Amino acid sequence: MTSSPNPVPAEFPRTHYLNAAYGLKSWLWTRDHKRIALLYLVSVSVFFALGGLMAVLIRMELATPEGDFFQPDVYNRLFTMHGVLMIFFFLIPGIPAVLGNFLIPLMIGAKDLAFPRINLLSWYLYTIGGAFTLWALLHGGVDTGWTFYTPLSTNYVNTAVLTVGVGIFIAGFSSILTGLNFIVTIHRMRAPGLTWFRLPLFVWGHYATSIIQILGTPVVAIAILMVAAERVLHIGFFDPKLGGDPVLFQHLFWFYSHPAVYIMILPAMGVISELVAAFSRKPIFGYKFVAFASIGIAVLGFLVWGHHMFVAGQSIYAGVVFSVLSMLVAVPSAVKVFNWTATLYKGSISWDTPMLYALGFIGLFTIGGLTGVMLATLGIDAHVHDTYFIIAHFHYIMVGGAIMGYLGGLHYWWPKITGRMYPVFWSKLSALVIFIGFNVTFFPQFILGYLGMPRRYHSYPPEFQVLNVMSSAGATILGIGYLMPLVYFVWSMRYGPRATANPWGATGLEWQTTSPPPVENFAYPPVVTAPPYTYEAQPAAGKGAARVV
Amino acid sequence: MAHPETSASSSAHAPHVMPLSTYFLVFAALMVGTAATVGAAYVDLGWANNAVALAIAIAKATLVVLYFMHVKENTRLIPAVIFSGLFMLLILFVNLLADYGTRGWLGVEGR
Amino acid sequence: MSSESHGPSDLAHHFDSYEQQKESATLGMWTFLVTEILFFGGLFAAYSLYRSLYPEAFRAASHSLDIRLGAFNTAVLIGSSLTMALAVRGGQTGKPKTTFAMLLGTLLLGSTFLAVKAVEYADKFTHHHVPGPSFHFEGPDAPHAQLFFSLYFGMTGLHALHMVIGAAILAFMLRPALRGAWTPRNHNFLEGFGLYWHFVDLVWIFLFPLLYLIGRHH
Amino acid sequence: MPNIPNSPLFPEQGSDIARSVDHLMLFALGGLVVFSTLIAVLVLVFMVKYRRKHEGEIGEDVYETNPKSQILELVWSVIPLGLLLILFGWGTKVFFDQNRPPTGAAQYWVTGRQWMWKIQHPNGRREINELHVPLGQAVQLRMISEDVIHDFFVPAFRIHVDVLPSRYTTYWFKATKTGEFHLFCGQYCGTEHSKMVGKIVVMEPRAYEAWLAGEPAGGAQAAAASGEQLFVAKACNTCHRPDSSARAPILNGLFGTQVTLQDGTRVTADENYVRESILNPAAKIVQGYQPVMPTFKGQVTEEELIQLVNYVKTLKAADGAAEARK
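Chains as they are written, first to last, in our numbering: chain Y, -7 to 541; chain L, 1473 to 1583; chain F, 14 to 231; chain Z, 229 to 554.
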């Protein structure tokens, strides 16, 4: 889809961004968005592994009804740190900072993000924030739950609330700067001819995500500062003993933390749109609907936070308002699922690994979304609020949705990032194992929740044991599933077969340059002349069907 | 690169400069506004005291944004960015007060 | 690859033109300021809520603030906004000395503001109006008056922190200003910092009536 | 509609509300099954049917070629929206039923603290982590926390309500089945959160009466009576006297009426109002009075507050004079 003088790239480039410079300094001081993306890849993987380890320990404890494996205070620290690490240090930066960072300049034909130094700064902020959190972890961690509800967090626990708060605060600024960089880049750095409606849906998804990062994150940052001031300096904002209202904290917290869910899922949706189009070799059904659905979700996402507070002492009337608005946000999500499904119709579908992840995403996200609709229903939420039902629901969205999208994207762009392929059999097996393990882990939790098992319980009545054992067994399968890509990705970096510039035969500017790309991304500035996903029929032979002029 | 760069770039290098008088006029208006808001606070206007104070503050802020911050000369994207921020702020306020302002409306004590 | 033809190093390698670079900087700075709006917005939301719930306590507590110092500081800050705007104009028109003088003026006015603020804070400490165990307030509804002072210190403290950061950056800008680092073609940093400084002024324009001028006619 | 007895997927139904929540859930579940099956079947069929036949093959862009595409999109936006609004309406109706107590409900008091439930019966009898109630009687709990936020959750009654440290919230149910049901703390409240559990014991009304009567002598003092003693002990009665020379508002006959405040707004004198007026007397000053009352924050416990509130509730306008002369 480019008519620029970019020649069909050499199959295996001799110099590219990975071997342009060597040494630790060439990585730690790099301004190249591709290298920064790899720095992020390594750091988010560390936090994912830590968070995953905690999940395993949690499931171990819950295999028996008695609290026999850990003391309750240890268990409480485990689930709190699991939540903090997974949400603030894996899911929120995950897709945007790794895949978005790597791909947005490539997809829009730019040499880099608009502010390369700020991009590096944002990785350092993330790392410093992470260091604070890990330091807190080594000094006993924190046991407030990742939600930090007052007055528990300000007056009634003596764990490292402040250290973790500072860590999240700093990481929040990293997130803001990433979003800022993306917004400016998408506005100002697009290649000639690349109009808004020629942007890949991946870019649309990240644009919507950036809006949330920019507008939501500062509010949770100030809420954390207020908690810190109340905890350390006894300056009352929320403590009823000091005249405040603890419910106000929940409002400020969820104003960000509900849209934060969309920070996690919108980029994954962008990835899925790319995968479905590429592996069906046709345009996304209703491109504009899907693009606007992303923006719609981002904006509507700010209007629904009160559905976390239906039973928290919020007014009944406000509950009704938040409930109906939450119903509305389900519509654009439903549109996306239907449009992906319709894209498959009369496609030319290949069963490559990334596509398997994408299909897993569609299935799990559908269930996650529909159970979300149940939670938006006042009468049902009043019963399943803060039970395992909600745990199951948001894991279907975040693990089944965001992580499936993240892994699908990694499998799709891995050849572009590293210039190497990974083993086909093992990667397909991993997709299958993760899908099965995930469902065995989390489906029983829906039932547990409806039966009334509350979340964050260290011990539970014995009648819940059977379903808990199923869930713990599933977690083992899931854990093995996640280890597999780790092993074969590392293996492929050295031993994997060389990847061509466009191994999947996909459209998109990122496939029009070499694998791995050169430092400045393109040999010549590309010019765009057609909408995305424009596939043209070619005679049977040949690598792919993307039109490469 | 969204904009054709070659032809316009030479003129873009010399930015449009506002006359000094504009800056001093805006400064004078801001000082008058400050005096007005203090003065208005000492007059009993009932509920309108808050509205007047807020209106003067918004007027002053608009002057700063348009002239000192050069939004008058920027592309229309900048006002769009500003309004998106203010819109979210409005959502925060409205939905927050939708809770506290409607306690007891539906006959459940305290809610 | 127009960067090579332009030659000078003040056009970053990944931009094609000065115009693109400038527009990116402006958009980036404004986007950052929007996050700042929401950052202060959390405190403003808490303020509006508590003031609407406890109007009497807020009025009584507000009366303990010195309106003269507040008004003086408002004037000082508006003045510093003017000098900042003129400093940017110096960059636009290529007059390094004007830029330097105006930046120095901005720094002095900003420091004046902070000094007055320090006097006000000290006064709060001597009168035990600082929230915490030693808080004492001679008014009908002391607990909620304390809430007012929490918000007073939270909002003005965060504002003052922005001023301190701004003043520190200003101090580092003086030498480059004199050297003529900012040209009509590229004064993006100067302009961006100006936007930041004006934003800090904007916040105060709202803080002043909200904190100092509640129900003064009583 | 049928009960769902002993289903492994549904908890016991302890009240009529529980049944209506289950019906709502079944409706939503039906929607989930239909939609997710539809998506799963379509995806699998397309996967197999349109599997890539040869390397150069591409998909067919049906969207641009078919003029009905956009209508189709509208259809699958509008149909879910309609269903969602039905679910919303039904769910809201159930939520009202869950939260709005009927008149004539028996008044119980619940105090939550780390990590136990303290419960007081209408006749003053107290229990910890257990709540005995009669079958078929509407029960209203007025709940307050002494420290952090807790949450009263009985799966058999299908409702959570948070227990706040700042104001009373209410929980109500009418048990339709005798037996013991789980009581959980549904909001994470610190180290022993999972031990803040108890049980609801639903008894035949006669058995409940017997249980109430069978307690140790002297323990059961009605909350209002304790409140009256406290009212004197804290010297409230020196100002709150039922005669015209009082420096403070007359409390007799106050409860449940509309009170006009200094700034002209009117509030209902309910439990939350009385509690706030004891803790923060100056927050809501009654018109015509000076803010002279000292705060009792930190001087009375939540349970003592409950007793005082109960006492104020008993002060009727008619027998006010007699009360004051005691």
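The C-beta atom is built at its ideal place from N, Cα and C for all residues, glycine as well. Remember, predicted model here, so these are calculated numbers, not experimental data.
For a test of the three-state rule: what should DSSP assign to residue i, helix, strand or coil?
i          : result
GLY446(Z)  : Bear in mind that the predicted position of GLY446(Z) carries a pLDDT of just 46, short of 50, making it too unreliable to give a figure here.
GLU288(Z)  : coil
PHE1496(L) : helix
THR333(Y)  : helix
LYS544(Z)  : coil
ILE232(F)  : Residue 232(F) is absent from the model: chain F starts at 14 and stops at 231.
GLU355(Z)  : strand
LEU215(F)  : helix
PRO362(Z)  : strand
LEU421(Y)  : helix
ARG412(Y)  : strand
LEU351(Y)  : helix
Measuring CB to CB, does residue i end up less than 8 Å from residue j?
i         : j          : result
TRP405(Y) : LEU95(Y)   : yes
PHE194(Y) : LYS280(Y)  : no
SER451(Y) : MET52(Y)   : no
GLY137(Y) : THR209(Y)  : no
THR398(Z) : VAL391(Z)  : no
ALA285(Y) : LYS328(Y)  : yes
GLY332(Z) : ALA366(Z)  : yes
SER75(F)  : ILE227(F)  : yes
PRO197(F) : LEU234(Y)  : no
ILE245(Z) : PHE385(Z)  : yes
LEU313(Z) : MET319(Y)  : yes
TYR9(Y)   : PRO517(Y)  : no
GLN457(Z) : GLN490(Z)  : no
PHE82(Y)  : PHE124(Y)  : no
PHE412(Z) : VAL425(Z)  : yes
ARG328(Z) : GLY1579(L) : yes
GLY339(Y) : SER265(Y)  : no
By a C-beta neighbour count over all protein chains shown, 10 Å radius and 16 as the cutoff for buried, is residue i buried or exposed?
i          : result
SER505(Z)  : buried
PHE1555(L) : exposed
LEU1564(L) : buried
GLU437(Z)  : exposed
ILE216(Y)  : buried
ALA537(Y)  : Because ALA537(Y) sits at a pLDDT of 40, beneath the cut-off of 50, its placement in the model cannot be relied upon, and the following sentence gives the value as read from the coordinates. The residue is buried, with at least 16 neighbouring Cβ atoms inside 10 Å.
GLU151(F)  : exposed
THR358(Y)  : buried
SER1479(L) : Any reading at SER1479(L) must be qualified, since the residue scores a pLDDT of 36, below 50, and its modelled position is unreliable; no value is offered.
Which partner residues of residue i appear in the DSSP bridge assignment?
i          : result
PRO446(Y)  : THR379(Y)
TRP1577(L) : The partner list for TRP1577(L) (beta bridge, DSSP) is empty, contrary to what the question assumes.
GLN241(Z)  : The partner list for GLN241(Z) (beta bridge, DSSP) is empty, contrary to what the question assumes.
THR44(F)   : In DSSP, THR44(F) forms no bridge with anything.
TYR399(Z)  : LEU369(Z)
PHE380(Z)  : VAL389(Z) and CYS413(Z)
TRP345(Z)  : GLY340(Z)
VAL430(Z)  : VAL361(Z) and GLY407(Z)
ALA592(Z)  : Because chain Z here runs from 229 to 554, residue 592(Z) falls outside it and cannot be looked at.
ILE341(Y)  : ARG279(Z)
Kindly list, in the order they appear in chain Z, the residues whose Cβ is closer than 9 Å to that of residue i.
i         : result
HIS157(F) : ASN508, ALA510 and ALA511
List, in order along the chain, the chain F residues whose C-beta lies closer than 7 Å to that of residue i?
i          : result
LEU1497(L) : Result: empty, since nearest Cβ-Cβ is about 11 Å, beyond 7 Å.
LEU1564(L) : GLY54 and ALA58
Under 8 Å between beta-carbons, which chain F residues line up against residue i? List them in chain order, please.
i          : result
LYS1544(L) : Those do not exist, as LYS1544(L) stays about 13 Å from chain F at its closest Cβ, beyond 8 Å.
In chain Y, which residues lie with their C-beta within 7 Å of the C-beta of residue i?
i          : result
GLY1557(L) : LEU207
Taking C-beta pairs closer than 8 Å, name the residues in chain L that residue i reaches, listed in chain order.
i         : result
ILE216(Y) : Near ILE216(Y) there are no residues of chain L at all, since even the closest Cβ is about 16 Å away, more than 8 Å.
What residues of chain F sit near residue i, judged by a beta carbon separation below 9 Å?
i        : result
ASP24(Y) : Ordered by position in chain F, no residue passes the 9 Å Cβ test against ASP24(Y), which lies about 10 Å from the chain.
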